[in-house]
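**Student:** Just so we're aligned: 662 in the numbering used here is position 21 of the sequence shown, and the numbers increase by one with no gaps anywhere.
Backbone N, C-alpha and C fix where the C-beta goes; we use that ideal spot for every residue, glycine too.
Just so it is clear, the structure is predicted and the values come from calculations on it, not from any experiment.
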Amino acid sequence: AGLVLPPLTGVAPWLALVAAAGFVVLQAGAIPVHLTGGDRRIELNAGLLVAAGVTVWLATVWL
């Protein structure tokens, strides 16, 4: 909701950028936690990291 609603409603669209940047930080921290815990399945985390990074990039281009 935090990535979709602000730009669609026009109310504080910069919140989408902040939410996506926070998600990038979250996923960047999740990957080392999974690796140190012995869980080598980080494909989903990497995919979410890339998707959030693209969202941040698009938000900076369009804002």
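So for G651, helix, strand or coil by DSSP?
**Tutor:** coil
**Student:** Measuring only the C-alpha atoms, how far is V665 from A693?
**Tutor:** Each residue's Cα considered, the two are about 6 Å apart.
**Student:** If we ignore side chains and look at the alpha-carbon of each, how far apart do T650 and T677 end up?
**Tutor:** 41 Å
**Student:** Return yes when the Cβ of A660 is within less than 7 Å of the Cβ of L604, no when it is not.
**Tutor:** Because the chain here runs from 642 to 704, residue 604 falls outside it and cannot be looked at.
**Student:** Considering just the uninterrupted stretch of the alpha helix (DSSP H) at G694, what are its terminal residues?
**Tutor:** Element bounds for G694: E684 to W703.
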